[in-house]
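As structure tokens, the structure follows; a few thoughts come after it.
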Amino acid sequence: MPVVSPLSHRRVDLIPSTTGIVSAVAPGSLAAELGIAAGDRIVSINGNPLLDAIDFQFNAQSEQVSFEVEHQGIIVRHDLELEGDEFWGITFGDPTFDGVRICENACPFCFIKQIPKGMRKSLYVMDDDFRYSMLYGAFVTLTNLDEADWQRIEREKISPMHVSVHATNPELRVALVGNPKGAQVLEDLARLERAGIDFHAQLVMVPGVNDGDELDRSLEDLSQFKRLLSIAAVPVGLTRYGLERQSKQVRLSRTCMRTLPGKQISVRRYEKDEALAVVEQAERWQARFRVERGETFFHLGDEYYLMCDLPVPTADHYDGYPQIEDGIGITRHLLENLDGMIRRTRPGSLAGATGTIACATLIGPTMIEAVDRFNAHTGAELDVAVVENQFFGTEINVSGLLTGEDLIARLSDHPGNGPVYISNRMVSDRTHTLLDDLPVSEVSERLGRDVVPCGLMSDVARDIRSRIRARSTILMASA
Ligand code: SF4
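Note that the numbering used here gives residue 298 to position 283 of the sequence shown, counting from 1, and the numbers run on in steps of one.
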């Protein structure tokens with residue numbers, strides 16, 4: 016449950032029990048030279064307690080740095096004279112020592128409101144923390160920033176930021192974030208621009224609400240910003256729990272009702288013809304941006320293409336995949352990686368290897384073709400299990416939202432053998448659990464097969480190779 020942080024006096028969740036704990040130190044770094052090790056605690060820097068990892072980075076770049084570190088229960092003080100551009104090499108276990116700042120919004124499409132109880136705890140954190148935006152690419156709305164936050168962003172050049180814009184029409188933005196402060200989005204972006212902060216923008220698209228003319232307006236308004244690095248539009252997701260809430264007429268956002276009289280926002284999924292209209296509209300803007308900015312600049316979530324049975328755009332369309340962390344272009348990235356892996360791998364080198372790739376329905380046909388090519392080149396005998404999302408509803412069709420129970424239900428009587436390869440987007444790096452809080456190890460135990468999270472086909476090939484090597488080592492040892 017959110018509480019007020021004693022450090023920052025802001026509403027936060029997930030306050031770490033001990034702050035400033037170092038989780039890793041890079042070899043050859045200044046921290047390693049000073050003898051700082053994982054498990055140590057950074058107590059203060061230049062006499063001040065720290066709020067987060069960014070605070071440390073900023074203050075530790077001065078020419079004179081004095082800081083205290085707790086090492087095996089003893090506080091050691093270091094006074095250093097530095098060049099001012101040091102590689103400290105410190106990773107903190109919890110990068111924000113005062114917890115994770117939570118949002119003050121009520122978006123009508125909020126995914127967190129659409130999930131049932133009993134899932135992975137971190138899923139319920141309604142984070143809207145500008146520090147996570149810079150550190151991990153989390154999208155923020157900027158509606159919970161006060162003047163002190165803004166001054167800190169400007170002073171410490173906290174960049175790049177990732178901003179959930181949704182629409183630039185002030186009334187519509189207010190409705191889409193469920194917060195009157197949402198109206199000033201263009202002023203907020205202009206302030207980032209003046210401060211020299213780079214940023215990416217995201218638009219969660221609700222059919223008939225912020226597409227069409229509103230999308231044209233948003234793209235026109237956003238195109239004025241020089242510091243804006245990319246824009247991505249993704250279709251809204253609606254789980255079966257979200258649909259149930261709607262059918263019970265739970266008001267997902269009162270603000271929506273208040274600020275758009277006569278135009279009540281109703282959140283629903285895209286139909287194929289509506290998705291196609293968005294793709295065509297996007298292509299017009301992309302052609303313009305290629306002339307004006309020399310890049311595609313405005314990208315659509317893969318769902319739009321896959322939903323319309325269109326091929327996903329080629330790799331050069333994606334400008335180096337600026338929003339891949341958010342899944343934009345991930346299908347092309349997967350296919351590109353497969354091409355590279357095939358070029359680098361000797362034909363037949365994985366002959367006889369078995370395993371199953373489990374994926375969701377949207378990517379299913381693409382994955383089946385990809386695995387056929389993988390097998391034809393390497394000699395492996397992988398198969399694909401396309402898994403329907405029974406947990407959130409079958410309309411939720413992306414692999415990252417499959418749960419452990421979905422995998423177990425689909426694969427329990429699946430005839431394949433060898434490891435089951437799943438998307439690493441299904442699994443929390445920190446807890447190694449799936450969305451329904453089932454540990455990967457438990458899914459593996461219940462299936463009687465290793466379950467291996469992978470990002471790309473080259474990860475699958477690497478895992479197969481390491482199994483072949485391990486087998487031949489055992490055979491040699493027993494010979
Ligand atoms: S910003 Fe909106 S979508 Fe994100 S957690 Fe808050 S209410 Fe939900």
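Note that the Cβ used here is the ideal one computed from N, Cα and C, for glycine as well.
Legend entry - DSSP three-state assignment for residue 392, whether helix, strand or coil: Position 377 of the sequence shown, counted from the start, is the residue given in the question as residue 392. Residue 392: helix per DSSP, three-state reduction.
Inset, instruction - Check whether the segment 53-65 touches the segment 150-158, counting contact only when three or more Cβ pairs, one atom from each stretch, lie closer than 8 Å. - result: no
Legend entry - Exposure of residue 436, with buried meaning 16 or more beta-carbon neighbours within 10 Å: The residue labelled residue 436 in the question sits at position 421 within the sequence shown. Counting Cβ neighbours within 10 Å, residue 436 comes out buried, since at least 16 surround it.
Legend entry - Same chain only: Cβ atoms within 6 Å of residue 197, ignoring 5 sequence neighbours per side: Taking the first residue of the sequence shown as 1, we reach residue 197 at position 182. Around residue 197: 158, 188, 189.
Legend entry - Span of the beta strand (DSSP E) around residue 105: To locate residue 105, count along the sequence shown from 1; it is residue 90. Residue 105 -> beta strand (DSSP E) spans 105-107.
Inset, instruction - Could you have a look at residue 429 and say whether DSSP puts it in helix, strand or coil? - result: By 1-based counting over the sequence shown, the position of residue 429 is 414. In this structure, residue 429 counts as coil in the three-state DSSP scheme.
Inset, instruction - Just grab the DSSP bridge partners of residue 436 for me. - result: Counting from 1 along the sequence shown, the entry for residue 436 is found at position 421. For residue 436, which the question treats as bridged, DSSP gives the partners 372, 467.
Legend entry - Nearest-angstrom beta carbon gap, residue 345 and residue 324 [assumed within contact, 8 Å]: For this step, residue 324 is matched to residue 309 along the sequence shown. For this step, residue 345 is matched to residue 330 along the sequence shown. Wrong, their Cβ atoms sit about 18 Å apart, outside the cutoff.
Inset, instruction - Within its chain, find whatever has a CB closer than 8 Å to the CB of residue 365; leave out the 5 residues flanking it on each side and keep chain order. - result: In the sequence shown, the residue the question calls residue 365 occupies position 350. The residues are 393, 394, 395, 476, 479, 480, 483.
Legend entry - Local conformation of residue 210 per DSSP, three classes: As a working note, residue 210 is residue 195 in the sequence shown. Residue 210: coil per DSSP, three-state reduction.
Inset, instruction - Return yes when the C-beta of residue 108 is under 8 Å from any heavy atom of ligand 1, and no when it is not. - result: Within the sequence shown, numbered from 1, the residue matching residue 108 stands at position 93. Residue 108 Cβ: outside cutoff for every heavy atom of ligand 1.
Inset, instruction - Would you mind working out which of 115, 89, 217, 103 sits nearest residue 26, comparing C-alpha positions? - result: Against the sequence shown, residue 26 aligns to sequence position 11. Ranking the options by Cα distance to residue 26, first place goes to 115.
Inset, instruction - Using beta-carbon positions only, say whether residue 449 and residue 409 come within less than 9 Å of one another. - result: Mapped onto the sequence shown, residue 449 falls at position 434. Mapped onto the sequence shown, residue 409 falls at position 394. Contact: no.
Inset, instruction - Please list, in chain order, all residues of the same chain as residue 342 whose beta carbon is under 8 Å from its beta carbon, the five residues on each side excluded. - result: In the sequence shown, the residue the question calls residue 342 occupies position 327. Within the same chain, residue 342 has close Cβ partners 249, 316, 317, 413, 415, 440.
Inset, instruction - Reducing DSSP to helix, strand and coil, say where residue 276 ends up. - result: Indexing the sequence shown from 1 puts residue 276 at position 261. At residue 276 the pLDDT is 48, less than 50, meaning the model places this residue with poor confidence and gives no usable figure here.
Inset, instruction - Return helix, strand or coil for residue 237, following the three-state DSSP convention. - result: Here residue 237 refers to the residue found at position 222 of the sequence shown. Residue state, collapsed to three classes: helix.
Legend entry - Distance cut-off 8 Å: residue 141 Cβ against heavy atoms of ligand 1: In the sequence shown, counting from the first residue as 1, residue 141 sits at position 126. The answer is yes for residue 141.
Inset, instruction - State yes or no: is the C-beta of residue 121 nearer than 8 Å to some heavy atom of ligand 1? - result: Along the sequence shown, one-based indexing puts residue 121 at 106. Answer for residue 121: yes, Cβ within range of ligand 1.
Legend entry - Identified DSSP bridge partners for residue 220: Taking the first residue of the sequence shown as 1, we reach residue 220 at position 205. BP columns for residue 220 point to 250.
Legend entry - Residue of 301, 260, 161, 307 minimising C-alpha distance to residue 495: It is not possible to answer for residue 495, since the shown part of the chain is limited to 16 through 494.
Legend entry - Burial state of residue 296, where buried means 16 or more other Cβ atoms lie within 10 Å: As a working note, residue 296 is residue 281 in the sequence shown. Buried.
Inset, instruction - Throw me the rounded Cβ distance for the residue 200 and residue 221 pair, which I believe falls under 8 Å. - result: Counted from its first residue, the sequence shown places residue 200 at position 185. Counted from its first residue, the sequence shown places residue 221 at position 206. The Cβ separation is near 16 Å, so there is no contact.
Inset, instruction - Could you pull the start and end residues of the alpha helix (DSSP H) that residue 95 belongs to? - result: For the purposes of this step, residue 95 is taken as the residue at position 80 of the sequence shown. Careful: residue 95 lies outside any alpha helix (DSSP H), inside the beta strand (DSSP E) at 89-96.
Inset, instruction - Give a single yes or no on whether residue 127 has its beta carbon closer than 8 Å to a heavy atom of ligand 1. - result: Position 112 of the sequence shown holds residue 127. Indeed, a heavy atom of ligand 1 lies less than 8 Å from the Cβ.
Inset, instruction - Report buried or exposed for residue 406, applying the criterion of at least 16 other Cβ atoms within 10 angstroms of its Cβ. - result: Position 391 of the sequence shown holds residue 406. Buried is the call here.
Legend entry - Residue closest to residue 260, alpha-carbon to alpha-carbon, out of 125, 98, 63, 462: Residue mapping note: residue 260 aligns to position 245 of the sequence shown, counting from 1. Comparing Cα positions, the closest option is 125.
Inset, instruction - Compare the Cα-Cα distances from residue 91 to each of 457, 287, 49 and report the closest residue. - result: Along the sequence shown, one-based indexing puts residue 91 at 76. Of the listed residues, the one whose Cα sits closest to residue 91 is 49.
Legend entry - Distance between residue 224 and residue 128 (C-alpha atoms, nearest Å): Reading the sequence shown from its first residue, position 113 is the one you call residue 128. Reading the sequence shown from its first residue, position 209 is the one you call residue 224. For residue 128 and residue 224, the distance between alpha carbons rounds to 20 Å.
Legend entry - Under 9 Å between C-beta atoms of residue 194 and residue 119: On the sequence shown, position 179 is the one that residue 194 refers to. On the sequence shown, position 104 is the one that residue 119 refers to. Judged by their CB atoms, residue 194 and residue 119 are nearer to each other than the 9 Å cut-off.
Inset, instruction - Measure from the alpha carbon of residue 180 to the alpha carbon of each residue in 166, 217, 163, then state which is nearest. - result: Indexing the sequence shown from 1 puts residue 180 at position 165. Closest by alpha carbon: 217.
Inset, instruction - Identify which residue in 350, 386, 339, 390 has its Cα closest to the Cα of residue 363. - result: In the sequence shown, the residue the question calls residue 363 occupies position 348. Checked all of 350, 386, 339, 390; the closest Cα to residue 363 is 390.
Legend entry - Local Cβ density within 10 Å of residue 333, reported as buried at 16 or more and exposed below that: By 1-based counting over the sequence shown, the position of residue 333 is 318. Burial call: buried.
Inset, instruction - Taking 8 Å as the threshold, find out whether the segment 443-459 comes into contact with the segment 417-434 through three or more Cβ pairs. - result: yes
Legend entry - CB contact flag (residue 169, residue 210, <9 Å): In the sequence shown, the residue the question calls residue 169 occupies position 154. In the sequence shown, the residue the question calls residue 210 occupies position 195. Their beta carbons are under 9 Å apart, which means residue 169 touches residue 210 by this criterion.
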